[in-house]
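In our numbering, the protein residues as written are 3 to 112.
Glycine included, every Cβ here is placed at the ideal spot set by N, Cα and C.
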């Protein structure tokens with residue numbers, strides 16, 4: 003289950019790319035929601051974000067070409083939960099959940 007806060011949504015919007023609307027190399031990349039500073043894991047990229055947006059993010063594509071990121075990182079894993087197809091779908095679902103659960107629970111559960 004993932005949580006998407008208002009801050010996460012701002013980051014996702016800045017990091018978003020789509021076919022014909024690629025994110026610039028300077029656009030941020032999303033880190034894994036499981037990683038936090040001071041934990042045993044180094045900050046990793048979000049696997050779901052890589053699978054959905056990575057092919058449309060010029061910085062990520064450059065990392066693949068340079069060999070800093072394996073190409074398979076841009077693919078959905080076999081045992082993964084269903085991912086949102088794009089940011090617009092995520093925003094719409096989040097809006098519906100906020101309408102049902104109220105603004106006090108301003109996170110998206112998937």
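If you check the beta carbons only, do residue 16 and residue 33 fall under 8 Å apart?
Translated into the one-based positions of the chain shown, residue 16 becomes position 14. Translated into the one-based positions of the chain shown, residue 33 becomes position 31. No, these two residues do not count as a Cβ contact at 8 Å.
When burial is assigned at 16 or more other CB atoms within 10 Å of the CB, is residue 54 buried or exposed?
As a position in the chain shown, residue 54 is number 52, starting the count at 1. Buried, since its Cβ has 16 or more Cβ neighbours within 10 Å.
With a CB to CB cut of under 6 Å and the five nearest residues on each side skipped, what residues in its chain are close to residue 75?
What you label residue 75 is simply residue 73 of the chain shown in a count that begins at 1. Taken in chain order, the residues that qualify are 52.
For residue 85, name the three-state secondary structure that DSSP assigns.
Translated into positions along the chain shown, residue 85 becomes position 83. Residue 85 falls in the coil class under three-state DSSP.
Separation of residue 30 from residue 8, as counted between CA atoms
On the chain shown, position 6 is the one that residue 8 refers to. On the chain shown, position 28 is the one that residue 30 refers to. Roughly 16 Å separates the two Cα atoms.
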